[in-house]
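Data first, discussion second: the structure below is written as structure tokens.
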Amino acid sequence: MSQANLPLAPGSAIGILGGGQLGRMLALAAARLGFDVVVLERQADSPAGRTAARLIVADYADEAALAELASLTGLVTYEFENVPAASVAWLAEHGVEVAPGPRALAVAQDRFEEKSFLNAHGAPTVAFAPARTPQEAQQALAAIGVPALMKTRREGYDGKGQRWVEHAADAAAAFEALGGVPVIVEAAAEFVRELSVIAARGRDGATAVYPLAENHHEGGVLRRSIAPARVSQALTDQAERIAARVLAGLDYVGVIGIELFEMADGRLLVNEIAPRVHNTGHWTQDGCEVDQFEQHIRAVAGWPLGPTHAIAHVEMLNLLGEEADAWAKYAAEPETRIHLYGKRLAKPGRKMGHVNRVRPL
Ligand code: AMP
């Protein structure tokens with residue numbers, strides 16, 4: 016067992032649970048800082064697996080695999096929030112330092128826990144109510160009003176696991192259509208814009224916040240971010256206050272993504288938090304001196320946080336499905352930086368890469 020000695024010295028190993036594009040970009044950043052990355056991932060051929068120094072192919076709940084990971088590294092992070100809480104607990108019990116910690120994971124894995132935590136820590140959200148049965152779904156709809164958005168409490172992402180309910184009478188049917196699992200019913204946010212803030216907290220409690228990004232979704236999937244967003248100082252202050260409360264409330268270590276709704280009256284509501292690097296933070300790769308991936312590695316490794324101010328305007332465009340086939344067109348644009356994830360199969364809507372179009376400040 017290799018106990019993490021913090022700050023972690025270059026040459027040490029860092030484990031990453033998950034082998035997707037976020038893990039890939041974390042692994043690349045970690046390698047640049049001199050670390051060896053060990054990826055634990057279910058698929059033999061994955062975006063992060065192909066950039067890691069070591070790859071363990073297994074289910075996240077596989078104890079032999081977790082033991083192998085623990086024998087290789089004393090410090091583990093994750094690239095998505097649906098890693099089993101039990102796996103993180105197992106690693107912690109076996110002397111491995113896991114960051115962000117189990118509380119951040121538990122809060123982010125359940126939309127009801129998440130919104131309850133946010134409201135308790137002075138980070139406002141839309142009104143919401145939980146339901147575990149069709150009857151409770153009806154009661155929740157009656158309390159929240161229509162239209163409302165019904166979401167599964169767990170496992171949803173990119174707009175999956177959610178349904179709009181237009182009429183109170185449809186509550187039970189929507190509940191069944193989502194699989195009869197515990198849900199939360201959310202009031203419809205009549206936002207004027209979707210924004211996000213990427214923030215980091217180090218092991219010493221120091222925090223750093225990137226400028227806000229303005230985000231555009233299509234069919235529940237992020238299509239485009241513009242950063243730094245054109246926002247007033249008051250809005251920035253509000254977002255920074257929210258980030259500070261969330262980070263402190265979770266005793267957080269690492270980078271966090273906080274999705275925000277900008278309301279017509281100038282208030283910011285939190286939509287959700289992601290205890291990891293975030294798609295709306297990809298602009299930092301080409302718009303900041305230290306991007307979100309290096310920042311996350313610095314934070315979990317116990318290094319000082321890096322600067323977060325913008326050094327350029329960036330338009331980040333996700334390349335979905337076959338859009339990544341246009342790499343040659345993007346490569347010919349001098350203002351465009353290309354980031355491809357090395358995924359073999361371009362399924363429709365699948366995130367294959369992104370480009371950052373960069374303009375001087
Ligand atoms: P989520 O999976 O919670 O991130 O939601 C995906 C997208 O659905 C968000 O980026 C919003 O565009 C939209 N959305 C989520 N929750 C609400 C809400 N309560 N009211 C209006 N739109 C929402």
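In case it helps, my numbering puts the sequence shown at residues 16 to 376. Backbone N, C-alpha and C define an ideal beta-carbon position, used for all residues, glycine too.
- For Thr66 against Ala85, the beta-carbon gap comes to about 22 Å, at or over 8 Å, which does not count as contact.
- In this structure the region 284-293 lies against the region 306-319, because at least three pairs of beta carbons, one per stretch, are closer than 8 Å.
- Within the model, the alpha-carbon separation for Val373 versus Glu304 is close to 13 Å.
- The DSSP assignment places 78-87 as complete runs of the alpha helix (DSSP H) inside the region 40-95, in order along the chain (cut-off: 4 residues).
- Beta-bridge annotation (DSSP): Val285 is paired with Leu275.
- In the same chain as Met278, and ignoring 5 residues on each side of it, the C-beta atoms closer than 8 Å to its own belong to Ala204, Glu205, Phe206, Val207, Leu284, in chain order.
- No Cβ-Cβ contact shorter than 9 Å links Gly264 with Ala100.
- Here the alpha carbons of Leu237 and Asn230 stand approximately 7 Å from one another.
- Residue environment for Gln58: exposed (fewer than 16 other C-beta atoms within 10 angstroms of its C-beta).
- Apart from the 5 residues on each side of it in sequence, Arg365 sits with its Cβ closer than 8 Å to the Cβ of Leu335, Gly336, Lys358 in its chain, given in chain order.
- About 7 Å separates the CB atoms of Gly296 and Tyr225; that is less than 8 Å, so the two are in contact.
- In terms of Cβ geometry, Phe276 and Val200 do not form a close pair [threshold 9 Å].
- With respect to Ala114, Gln153 sits apart: the two C-beta atoms are not nearer than 9 Å.
- A check of alpha carbon separations from Ala158 across Ala202, Lys175, Pro149 identifies Ala202 as the nearest.
- Contact annotation, Arg168 with Pro139: C-beta distance approximately 20 Å; criterion of less than 8 Å not satisfied.
- When DSSP states are grouped into helix, strand and coil, Pro117 belongs to the helix group.
- The beta carbon of Gly26 is closer than 7 Å to those of Gly49 in its chain, skipping five residues each way along the sequence.
- Excluding the 5 residues flanking it on each side, Val72 has same chain C-beta neighbours closer than 6 Å at Ala59, in chain order.
- For Leu70, the closest alpha carbon among the candidates Met40, Gly33, Val98, Met165 is that of Gly33.
- When only Cα atoms are considered, Glu96 and Ala228 end up about 21 Å apart.
- Ala249 is not a Cβ neighbour of Ile273, given a cutoff of 9 Å.
- Taking C-beta separations shorter than 6 Å and ignoring five residues to either side along the sequence, the partners of Val270 in its chain run Ala215, Val292, Gln307, Gln310, His311, following chain order.
- With a cutoff of 8 Å, Ala184 does not count as near the ligand AMP, since its C-beta is closer than that to no heavy atom of the ligand.
- CA-CA distance, Ala68 to Val103, rounds to 21 Å.
- Residues Gly302, Cys303, Glu304, Leu376 of the same chain have their beta carbon placed closer than 8 Å to that of Ile326, with the five preceding and five following residues left out of the count.
- One alpha carbon belongs to Gly217, the other to Ala63, and they sit about 24 Å apart.
- In the displayed model, Pro375 falls within a strand according to three-state DSSP.
- Around the CB of Asn20, fewer than 16 other CB atoms lie within 10 Å, so the residue is classed as exposed.
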